[in-house]
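**Q** To start, I am sharing the structure in question, which I have written as structure tokens.
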Amino acid sequence: MPETTPQEAYRSALRRQHFKPDPAQAEAVDELTRLFHELIDWRPPPPPTLAARLLERVRSNKQTLEPIRGLYLWGSVGRGKTWLMDLFFDALPFAEKQRVHFHRFMQGVHADLARLKGRLNPLQEVASETAARCRVLCLDEMQVNDITDAMLMGGLLEALFERGVTLVTTSNIAPDGLYRSGIQRDRFTPAIALIKQHCQVLELASPTDYRLRRLEQAPVYATPLDHKAESLLADYFADMTTPEHRRHEPIIVNDRDIPTLAWGDGVVWLDFDVICQLPRSKLDYVELARLFHTLLLSNLRCLDDERSNIAHRLITLIDAVYDCNVKLMASAEAPPTQLYSGNDLAFEFQRTVSRLIEMQSHDYLAKPHLA
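Under our numbering, the residue at position 357 of the sequence shown is numbered 416, and the numbers go up by one with no gaps.
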């Protein structure tokens, strides 16, 4: 059976969802389709002869594989970068591929380095393990804020490219803007050079923010709690995710399971009681905000002093998602100004009320996610 190319998948999705063609998206799809064909036409090189292996040993050279040039797809939020990368990833007809959020990928790298502590060159081993399981590495939302990540990136990318891994990544920032104001940025610039050498850099310069357009078509804070409010969240989830990426299972946050109503494509749908009534740490909320660009929150209930622990967790949750520019859609028992009737946290909750109101505004909804 012939493979479905990214271009064919894109056209099919436009017809199925009644979308209009977008010239900027079409240019990106053309580039992804070019890459798709290069990857499926690739054949491994013949093994080196004994003489070649001996010569390498004498010269102390590492045998490297020249990777197929990948793609660095960047642009403003809501232009469809992740959606296009997922069309490409799903079209690839082989199993040696990995698609993961950049932050989650770097978490895995740090965990692997800890596991290999004491080895001669653990970063090289991590790269070898990655290359053994994937020819193509798709990283969503590349954004480097952490100095530890920044210091690792150059060596990690070099090792992956030496092993023939093709990189496809999305970002809200051009390569030269990564880690722009970071500490010791000069040590990160080799990573930028490697990205530009091994990836075609393409800006998805669409004038349309599709995510924002959808969010502004209906309220993002629905009250009172009724069937209409929950149906609105269900519609949001259906519109912002693709069927093949939807999951109805827990997510893992800081090595613990958190039950969900559903999740997929950077969107997570949670019940208020699960995320705020049960004990959670601030680190859980921060990690959640870094992993997902959109949070759907069902059954947000009114609180008082008898439920001050729950109110405190809600304050912490809203602070975390606000700081990362996470889009929040909620079904609630009352408007933000009437959610809390107690005295113990009255001062702190004023900030939460203000943020819940701001998070419904055009300016907030247009902000890029800070992973």
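Glycine residues also receive a C-beta, built at the ideal position from the N, C-alpha and C atoms.
Mind checking Lys-386: buried by the 16 CB within 10 Å criterion, or exposed?
**A** Your numbering for residue 386 matches position 327 in the sequence shown. By the 10 Å Cβ count, Lys-386 comes out buried.
**Q** DSSP on Gly-129, reduced to helix/strand/coil?
**A** As a position in the sequence shown, residue 129 is number 70, starting the count at 1. Note: Gly-129 maps to strand in three-state DSSP.
**Q** Relative to the alpha-carbon of Val-412, which residue among Leu-404, Asp-403, Gln-419 and Thr-396 has its alpha-carbon at the smallest distance?
**A** Translated into positions along the sequence shown, residue 412 becomes position 353. Of Leu-404, Asp-403, Gln-419 and Thr-396, the residue nearest in Cα terms is Thr-396.
**Q** Let me know the secondary structure DSSP gives Lys-140 once reduced to three states.
**A** As a working mapping, residue 140 is identified with position 81 in the sequence shown. Here Lys-140 sits in helix by DSSP.
**Q** Please report the distance separating the alpha-carbon of Asp-245 from that of His-428.
**A** Here the question's residue 245 lines up with position 186 in the sequence shown. Here the question's residue 428 lines up with position 369 in the sequence shown. Each residue's Cα considered, the two are about 25 Å apart.
**Q** Spatial neighbours of Pro-152 within its chain, please: C-beta separation below 7 Å, excluding the five flanking residues on both sides.
**A** The sequence position of residue 152 within the sequence shown is 93, counting from 1. Hits under 7 Å: Glu-62 and Ile-99.
**Q** How long is the line joining the alpha carbons of Glu-90 and Ala-250, rounded to whole angstroms?
**A** Against the sequence shown, residue 90 aligns to sequence position 31. Against the sequence shown, residue 250 aligns to sequence position 191. Rounded to whole angstroms, Glu-90 to Ala-250 spans 22 Å at the Cα level.
**Q** How far does the alpha helix (DSSP H) with Arg-93 in it extend, from its first residue to its last?
**A** As a working note, residue 93 is residue 34 in the sequence shown. Counting along the chain, the alpha helix (DSSP H) containing Arg-93 begins and ends at 82–100.
**Q** Which class does Glu-262 belong to by DSSP, given the choice of helix, strand or coil?
**A** Your numbering for residue 262 matches position 203 in the sequence shown. Three-state DSSP puts Glu-262 in a strand.
**Q** With DSSP as the reference, label Val-412 as helix, strand or coil.
**A** For this step, residue 412 is matched to residue 353 along the sequence shown. The answer is helix: DSSP assigns Val-412 an H, G or I state.
**Q** Looking at Gln-183: is its Cβ nearer than 8 Å to the Cβ of Ala-218?
**A** Translated into the one-based positions of the sequence shown, residue 183 becomes position 124. Translated into the one-based positions of the sequence shown, residue 218 becomes position 159. Yes, they are a contact pair.
**Q** Would you mind stating whether Leu-94 and Leu-130 have Cβ atoms separated by less than 8 Å?
**A** Counting from one through the sequence shown, the residue named residue 94 turns up at place 35. Counting from one through the sequence shown, the residue named residue 130 turns up at place 71. Their beta carbons are under 8 Å apart, which means Leu-94 touches Leu-130 by this criterion.
**Q** Mind checking who Ile-311 pairs with in its DSSP beta bridge?
**A** Along the sequence shown, one-based indexing puts residue 311 at 252. Paired residues: Asp-316.
**Q** Helix, strand or coil: how does DSSP classify Gly-323 here?
**A** Residue 323 sits at position 264 when you count from the first residue of the sequence shown. In this structure, Gly-323 counts as strand in the three-state DSSP scheme.
**Q** Rounded to the nearest angstrom, how far is the Cβ of Pro-234 from that of Ile-206, given a contact under 8 Å?
**A** Against the sequence shown, residue 234 aligns to sequence position 175. Against the sequence shown, residue 206 aligns to sequence position 147. Not quite, the Cβ-Cβ distance comes to about 18 Å (not below 8 Å), so this is no contact.
**Q** Is it the case that the stretch 325–333 contacts the stretch 410–424, given that we only count it when at least three CB pairs across the two stretches are under 8 Å?
**A** As far as the Cβ criterion goes, the stretch 410–424 does not touch the stretch 325–333, which means the pair count is below three.
**Q** When burial is assigned at 16 or more other CB atoms within 10 Å of the CB, is Val-117 buried or exposed?
**A** For the purposes of this step, residue 117 is identified with residue 58 of the sequence shown, where counting begins at 1. The predicted position of Val-117 is uncertain, since its pLDDT is 49 and thus under 50; a value taken from the coordinates is nonetheless stated next. Val-117 comes out exposed.
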